[in-house]
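Trainee:
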Amino acid sequence: MSKRSARASISPRERYEMIATMAYYRAEQRNFESGHDVEDWLECESIIDSMLGK
Numbered sequence: 002m003s004k005r006s007a008r009a010s011i012s013p014r015e016r017y018e019m020i021a022t023m024a025y026y027r028a029e030q031r032n033f034e035s036g037h038d039v040e041d042w043l044e045c046e047s048i049i050d051s052m053l054g055k
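Residues 2 to 55, numbered by our numbering, are exactly what the sequence shown covers, in order.
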């Protein structure tokens, strides 16, 4: 699947869910230590967008 077709097949809701899931697992690895939620979200958003070719 090309980057273009992958991008077209992912809805905004699916992208959101992917970011949320990844951010959850990052927080879990840190034992849900507070104060990193925005940092985790932004980092995961960047990773997911790279994976989706955005």
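Glycine included, each C-beta is placed from N, C-alpha and C at the ideal position.
#1: Starting from the C-beta of E46, find all residues in its chain whose C-beta is less than 7 Å away, skip the five residues before and the five after it, and write them out in chain order.
#2: Between the alpha carbons of R27 and E40, how many angstroms are there, rounded?
#3: Report the rounded CA-to-CA distance for E29 versus M23, giving the unit in angstroms.
#4: Less than 8 Å separating the beta-carbons of L53 and I11?
Mentor: Taking the coordinates as given:
#1: I20.
#2: 10 Å
#3: 10 Å
#4: yes
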